[in-house]
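Each residue of the sequence shown is one higher than the one before, starting from 99 at the first, in our numbering.
One structure is given here, and the rest of the page talks about it.
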Amino acid sequence: MIKPKAVKPTESELEILSILWDKQAATVRAVHEELCKTKDAGYTTTLKLMQIMFEKNLVTRDDSNKTHIYMPAVSKEKTQKQFLNRMINGLFSGSSAELVLQALGQNDTSNAELEKIQQLIDELKMKK
99 MIKPKAVKPT ESELEILSIL WDKQAATVRA VHEELCKTKD AGYTTTLKLM
149 QIMFEKNLVT RDDSNKTHIY MPAVSKEKTQ KQFLNRMING LFSGSSAELV
199 LQALGQNDTS NAELEKIQQL IDELKMKK
């Protein structure tokens, strides 16, 4: 059986998903109001995007009431992993180490973050 290819959200769809991941469920109006805090967005554009996302199975929709409630159909973690894999393969020639070195070299990493990273490294070493 051939597994259907995962749909990759566009940048605008990611913005909407991000709002839905935070809220867990929202109307188009609520999503639109959140989007307007950071960018100019027309209500009809938000509505159309969310309808397309429903068709692409990126969101689900409860249409039992007059006002439709949208929920994310894809998890944040799965979507992050999908984009991260694409980035590692496309920008870092498949090297996770290159990605990590670039990320750590460019940002001011806190001691707490470094400890979390070290814990993960230790766990990964124990698995081998």
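For glycine and all other residues, C-beta sits at the position ideal for the given N, C-alpha and C.
Other residues of its chain near residue i: CB distance less than 6 Å, five sequence neighbours each side excluded
i	result
M273	Lying outside 99 to 226, the shown extent of the chain, residue 273 is not represented and no answer is given.
K154	V105
I219	none
Endpoints, the alpha helix (DSSP H) within which residue i is located
i	result
D160	First-last for D160: V157 to D160, but that is the beta strand (DSSP E), not the alpha helix (DSSP H).
A210	N209 to K225
D206	Careful: D206 lies outside any alpha helix (DSSP H) and carries neither H nor E.
Q122	Per DSSP, Q122 belongs to no alpha helix (DSSP H) and is neither H nor E.
F181	K174 to L189
T142	Y141 to E153
Which of helix, strand or coil DSSP assigns to residue i
i	result
A195	helix
A128	helix
A201	helix
I100	With a pLDDT of 49 at I100, under the threshold of 50, the predicted position of this residue should be treated as unreliable, and no value is reported.
Own chain partners of residue i with C-beta closer than 7 Å, once the 5 adjacent residues on each side are dropped
i	result
A171	N155, L156, V157 and T158
Residue span of the beta strand (DSSP E) that contains residue i, given as start and end
i	result
P170	I167 to P170
Cβ-based burial, residue i [other Cβ within 10 Å; buried from 16]
i	result
E111	buried
E139	Sequence inspection shows Ala at residue 139; the Glu mentioned does not correspond to that position. The residue in question, A139, is buried, as its Cβ has 16 or more Cβ neighbours within 10 Å.
T165	exposed
L87	Nothing about residue 87 can be read from this structure; the chain reaches only from 99 to 226.
T136	exposed
E132	buried
Sequence-distant residues of the same chain with beta carbon closer than 8 Å to residue i, five excluded per side
i	result
L118	A124, V129, V157, Y168, M169 and P170
Y141	V126, R127 and H130
Worksheet item: Taking three-plus beta-carbon pairs below 8 Å as touching, is the stretch 134-154 in contact with the stretch 104-120?
Response: yes
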